[in-house]
Amino acid sequence: VRTCPEESDRVERYIDGLPDSIHESVAASKPITMHEATEMATGLMDKKIRTYAKRHAANKRKFEDTSRNNQSRQQPPKRQDVARAYA
């Protein structure tokens with residue numbers, strides 16, 4: 001596949017604009033065409049988003065379980081003897 005100098009410049013600028021975690025992986029793969037660079041970046045971004053969503057869902061479940069368990073263990077509020085205080 002032959003690329004013109006303009007395309008390699010576009011690929012380089014595209015890679016430079018990516019987030020650091022994805023930038024390193026895409027740059028290491030040394031994509032020749034813009035299509036290769038976008039495919040690689042899109043795949044990595046999708047994977048990162050899926051991982052984040054799974055982790056977030058697991059933490060949410062963990063938090064909900066904890067709050068549910070704490071509610072059953074709470075002591076009722078103590079009533080003070082109001083009549084004795086005013087007598």
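Numbered according to the UniProt record's numbering, the sequence shown spans residues 1 to 87. All residues carry an ideal CB built from backbone N, CA and C; glycine is no exception. If you're wondering where the values come from, they're calculated on a predicted model, not measured in any experiment.
Worksheet item: Out of G43, A37 and D46, which has the shortest C-alpha to C-alpha gap to residue 90?
Response: Given a span of 1 to 87 for the chain in the structure shown, any question on residue 90 remains unanswerable.
Fill in: I15 burial status per 10 Å Cβ neighbour count (16 or more: buried)
When all chains shown are included, I15 counts as buried.
Worksheet item: When the Cα of L18 is compared with those of A53, M40, Y52 and A58, which residue comes out closest?
Response: Ranked by Cα distance from L18, the first of A53, M40, Y52 and A58 is M40.
Item to complete: Assuming M34 contacts E7 (C-beta within less than 8 Å), just tell me the rounded distance between them.
Response: 6 Å
Worksheet item: Looking at the structure shown, is G43 part of a helix, part of a strand, or coil, going by DSSP?
Response: helix
Item to complete: Express the C-alpha separation of S21 and E12 in angstroms, rounding to a whole number.
Response: When rounded, the distance between both Cα atoms is 16 Å.
Fill in: C-alpha gap between T51 and V26, whole angstroms
18 Å
Practice prompt. Identify whether P31 lies in helix, strand or coil by the three-state DSSP scheme.
Written response: coil
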